[in-house]
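Visitor:
Numbering (full-length UniProt numbering), first residue to last: 1 to 325.
1. Name the one or two DSSP bridge partners that residue 97 has.
2. Find the nearest neighbour of residue 143 within the set 134, 154, 158, judged by alpha-carbon distance.
3. For residue 201, which option in 177, 322, 236, 69 has the closest C-alpha, if you only look at C-alpha atoms?
4. Which two residues bound the contiguous beta strand (DSSP E) that contains residue 159?
5. So is residue 134 buried or exposed if we call it buried at 16+ other beta carbons inside 10 Å?
6. For residue 1 and residue 125, what's the separation of their Cα atoms in angstroms?
7. Hey, how far is the Cα of residue 7 from the Cα of residue 23?
8. Identify which residue in 91, 114, 45, 147 has its Cα closest to the Cα of residue 100.
9. Suppose the cutoff is 6 Å on Cβ atoms and the five residues either side in sequence are ignored; what does the same chain contact list for residue 96 look like?
10. Which term fits residue 258, buried or exposed, when burial requires 16 or more other beta carbons within 10 angstroms of its beta carbon?
11. Under the rule that 16 or more other beta-carbon atoms within 10 Å means buried, what is residue 90, buried or exposed?
12. Quick test of the definition: if touching needs 3 or more C-beta pairs under 8 Å, does the region 263-272 touch the region 237-253?
13. Please classify residue 320 as buried or exposed, where buried requires at least 16 neighbouring CB atoms within 10 angstroms.
14. Taking just the CA atoms, how far does residue 77 sit from residue 177?
15. Would a C-beta distance cut-off of 9 Å place residue 309 and residue 244 closer than the cut-off?
16. Would you give the residue range spanned by the beta strand (DSSP E) that residue 314 belongs to?
17. Taking the alpha-carbon positions, what's the residue 264 to residue 218 distance?
18. Measuring CB atoms only, is the region 65-72 touching the region 161-173, in the sense that at least three cross pairs come out at less than 8 Å?
19. State buried or exposed for residue 73, treating a residue as buried only when at least 16 other CB atoms are found within 10 Å of its CB.
20. Count the other CB atoms, across all protein chains shown, that sit within 10 Å of the CB of residue 326; report buried if there are 16 or more and exposed otherwise.
21. Please work out which residues of its chain come closer than 6 Å, Cβ to Cβ, to residue 128, disregarding the five sequence neighbours upstream and downstream, and give them in chain order.
22. Short of 8 Å in beta carbon distance, which residues of its chain neighbour residue 207, apart from the five on each side in sequence? Order them along the chain.
23. Excluding the five sequence neighbours on either side, which residues of its own chain have a C-beta within less than 6 Å of the C-beta of residue 149, listed in chain order?
24. Of the residues 305, 137, 43, 284, which one's Cα is nearest the Cα of residue 31?
25. Rounding to the nearest angstrom, what Cα-Cα distance links residue 60 and residue 75 in this structure?
26. Report yes or no: do three or more beta-carbon pairs, one from the region 104-118 and one from the region 43-57, lie closer than 8 Å?
27. Quickly, what does DSSP pair residue 73 with across the bridge? List them, please.
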């Protein structure tokens, strides 16, 4: 039977050691970090990240973070690079090479061609003693910190510190480029943030033949047909130039029946319509439309242009179906 262990105590000790590694890393951030950022900012190509084993896994995440925050980047496996994939690396790129020991054989084998291409090399390693940092334009170091692994073998604290250093580089570049939430959304169009920032009312509104509208003298029986046919829970009332005069909703109908115990099907809609209804611009963000619907306790917005001409209708159902929340 395996020896009993206090799992919580082990977890807290691991966290303590890895936190200590980040504190050591903080002492290593100096003018070398500035030079690395300047090289990355001046890169006219892509930032290529490479690393073997656990360093490679961290490198993949680092490249993904760069790419999603305004720095074009991808990961290159050093083993595959030696068998043809080094063609991914071209003049104008910058290479970030990760190895805790600073002497990865797979990366060192690529060094002659890296030098021949004149590609700036930034290394990330425990210290600057290995052949990789010795050949680097900028050698970033993690500092001497213990691994959380009690055997001192499995990369734990070192990979955590490398990941944090990669995030520090990405954030510094993001700030230097003036990267905005809109920029971030453009590289995450399928995500929740992308939908919040990129989708506008004009992308989801009903227009043309789907747009319910009647004239003010339209009798109520035809008004109800228009509401039922277009299935948006309302109709707009417009003049001959499609200028908005009012709306009539299925909620208005229920309230009118409750109040009058019925209604005159031949009455003109202008007698019962809601004048000056709430409207929204087609350029408004979809999330803004949803928030206003919740705030005003309504289910639809009429979309008008600057001249108050009706150009569309958007409903809460449209927004929820599009994943706006």
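Positions of the beta carbon are idealized from the N, C-alpha and C atoms, including for glycine.
Guide: Let me spell this out:
1. Assignment of beta-bridge partners to residue 97 by DSSP yields 50, 123.
2. 158
3. Ranked by how close their Cα comes to the Cα of residue 201, the residues 177, 322, 236, 69 have 322 in first place.
4. Counting along the chain, residue 159 sits inside no beta strand (DSSP E); it lies in the alpha helix (DSSP H) bounded by residues 157-177.
5. Residue environment for residue 134: exposed (fewer than 16 other C-beta atoms within 10 angstroms of its C-beta).
6. Only weak support is given to the placement of residue 1: the predicted model assigns it a pLDDT of 42, under 50, and the value that follows is read from those uncertain coordinates. If I take the Cα positions, the gap works out to 39 Å.
7. 24 Å
8. 147
9. 49, 122
10. Label assigned to residue 258: exposed.
11. exposed
12. yes
13. Answer is exposed; the Cβ neighbour count stays below 16.
14. Looking at the two C-alpha atoms, the distance is approximately 28 Å.
15. yes
16. Per DSSP, residue 314 belongs to the beta strand (DSSP E) from 310-315.
17. 12 Å
18. The region 65-72 is in contact with the region 161-173.
19. Taking a 10 Å sphere around the C-beta of residue 73, we find 16 or more other C-beta atoms and assign the residue as buried.
20. Examination of residue 326 is not possible in this model, given that the chain is present from 1 through 325 alone.
21. Cβ within range, chain order: 139, 141.
22. 311, 312
23. 156
24. 137
25. 5 Å
26. yes
27. 47
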